[in-house]
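Numbering (full-length UniProt numbering), first residue to last: 1 to 419.
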C-alpha cells in the first residue's frame, strides 16, 4: 500500500480537492498483497467517506460565499436607503425648504395682521368705552347742575319770600308812619284852638312815645329778620359752595383714578390679546413640528424594525453556520486522529515488510488497525448527533493548515488515501 498526497497538501477551500488514485499493492506481484480483500473494501469505504466530507466542505464554502454576498448586498442597500433610497430627492429639498420658509413667513405675517386687527378692535372698543364714560360724566354733571339749579331756585324763592316780607313790613311801617303823622296833625290841630279845658283826670297815654316805641320795635324786628335771612342765605350758600367744591374735587379724583384704571385695563387687555395670539401661533407651530417629527420617528422606527429583522435573520444564519462549522471541526479533528493512526500503522507495516517481516502478520495488524479505526470513526459519527451522521458516513480524514477569519472560509490540507 502507498500514500498518495495528491500534489502535496492541497486546499479543500480552493476546490482542488486532490485526487484519489488506486494502486495495486503487493509483494512480488502476487494477489495476496499487504491488504486483504476486506481491508481494501474498508479503505475504499474510508475514501468514499473522505470524498463525501470534501464535497460537503465545498458546499458549505459555497453557502458561506453566498451568505457573504448577501450580507454585502444588504449593507449596500442599507447604505443606499440611509442616503435617501434608490431615488434621489435632494433636488426637491431646496424647493421644500423654500416653500416651508414661505409658509412660516406667511403664518407670521398672518399672525401679525391678526394681532394688528385685534389691537385696532381693542383700540376702537377703548375709544367707545371712553366715549360712553364721557357721555356718562356729562350726564352726571348735567344732573348735578340741574340739582344745583333746583337748590338755586329754592334759594331764589326763599329770597323773594324774604324780600316780599321786607316789602310788606316796609309798607306796614310806612302806613304806620302815615297814620302817626295824620294823628299828630289832627292832635296838633285840636290843640291849636283857644279853648282851655282843665280836667282833673289821670294823665293820658303819650302816643308819640308809643308810636316811636312801636316803630323802633318793628324796625328792629325787620332788621333782625333781614340779618337772619342774609346770615341763613350766606351760610347755605357757603355750605353749598363747600359741598360743590368737595364734590368737584372728589369727582375729579375719581375721574383721574377711573381714567388711570381704564388705561391700565386697556394696556393689560392689549398685552393679553398679544400673548394669546402668540400662544396660538406657538401652539400651531408646536403641533406642526410634533406632527412632522412623529412622522419622521414612525418612518425611522419602520426602518429600524426592518434592519433589526434583517440583523436577526443574519444572526440566525450565522449561528446555523457556526453550529455547522463546529460540527465539521469536530469531525475533522476525529478524522485527523484516525488518519494519523492509519499513517502510523501503515508506516509500521511498511518498515516491517522492508525488514522481511511476515506478510500475514502485517496483513493481520493492518486489518485490525483498520477495523479499530473504522469503529472509532463510527463511534465519533454517532457522538456528533443527527447533524453529523450524514457527513460522518462519507468522511475518512483531513488535516487543517490555515483558517482565514476575515473571509469566513476554512482550508483543510487534504491527505488522500490510495491503494
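Even for Gly, the Cβ is constructed at its ideal location relative to N, Cα and C.
Just so we're clear, the structure is a prediction, and the values are computed from it rather than from any experiment.
Proximity below 8 Å, CB of residue i to CB of residue j
i           : j           : result
residue 152 : residue 180 : no
residue 218 : residue 162 : no
residue 166 : residue 222 : yes
residue 64  : residue 321 : yes
residue 421 : residue 155 : The requested residue 421 does not occur in the structure, where the chain is confined to residues 1 to 419.
residue 317 : residue 67  : yes
residue 148 : residue 277 : no
residue 111 : residue 281 : yes
residue 71  : residue 314 : yes
residue 78  : residue 307 : yes
residue 310 : residue 74  : yes
Integer-rounded CB distance, given that residue j should sit under 8 Å from residue i
i           : j           : result
residue 173 : residue 215 : 7 Å
residue 126 : residue 273 : Not really, about 12 Å apart at Cβ, beyond 8 Å.
residue 137 : residue 269 : The Cβ separation is near 22 Å, so there is no contact.
residue 183 : residue 207 : 7 Å
Close-in-space but distant-in-sequence residues of the same chain around residue i (CB under 7 Å, 5 per side omitted)
i           : result
residue 103 : none
residue 406 : Low local confidence applies: a pLDDT of 37 at residue 406 is under 50, so the model's placement there is unreliable, and no value is given.
residue 159 : 233
residue 245 : none
residue 254 : none
Closer than 8 Å to chain C by CB, residue i
i           : result
residue 265 : The structure shown has no chain C; it contains just one protein chain.
Sequence-distant residues of its chain with Cβ nearer than 6 Å to residue i (five each side left out)
i           : result
residue 32  : Any reading at residue 32 needs caution, since the residue's pLDDT is 41, under 50, leaving its predicted position unreliable; the model's value is listed next. So no residue of the chain qualifies.
residue 24  : Only weak support exists for where residue 24 lies, its pLDDT of 35 falling under 50; the coordinates are left without a value.
residue 292 : none
Same chain, Cβ closer than 8 Å to residue i, five either side skipped, listed in chain order
i           : result
residue 133 : 258, 262
residue 164 : none
residue 265 : none
residue 275 : none
residue 247 : 144
Three-way DSSP call (helix, strand, coil) for residue i in this model
i           : result
residue 84  : Model confidence at residue 84 stands at a pLDDT of 48, short of 50, so the residue's coordinates are unreliable and nothing is read from them.
residue 194 : Bear in mind that a pLDDT of 46 at residue 194, under 50, signals an unreliable position, so the number given afterwards is only what the model happens to contain. Three-state DSSP puts residue 194 in coil, outside helix and strand.
| query | Which runs of the beta strand (DSSP E) fall wholly inside the region 293-343 and span at least 3 residues, in chain order? | reply | none
| query | Which runs of the alpha helix (DSSP H) fall wholly inside the region 86-151 and span at least 4 residues, in chain order? | reply | none
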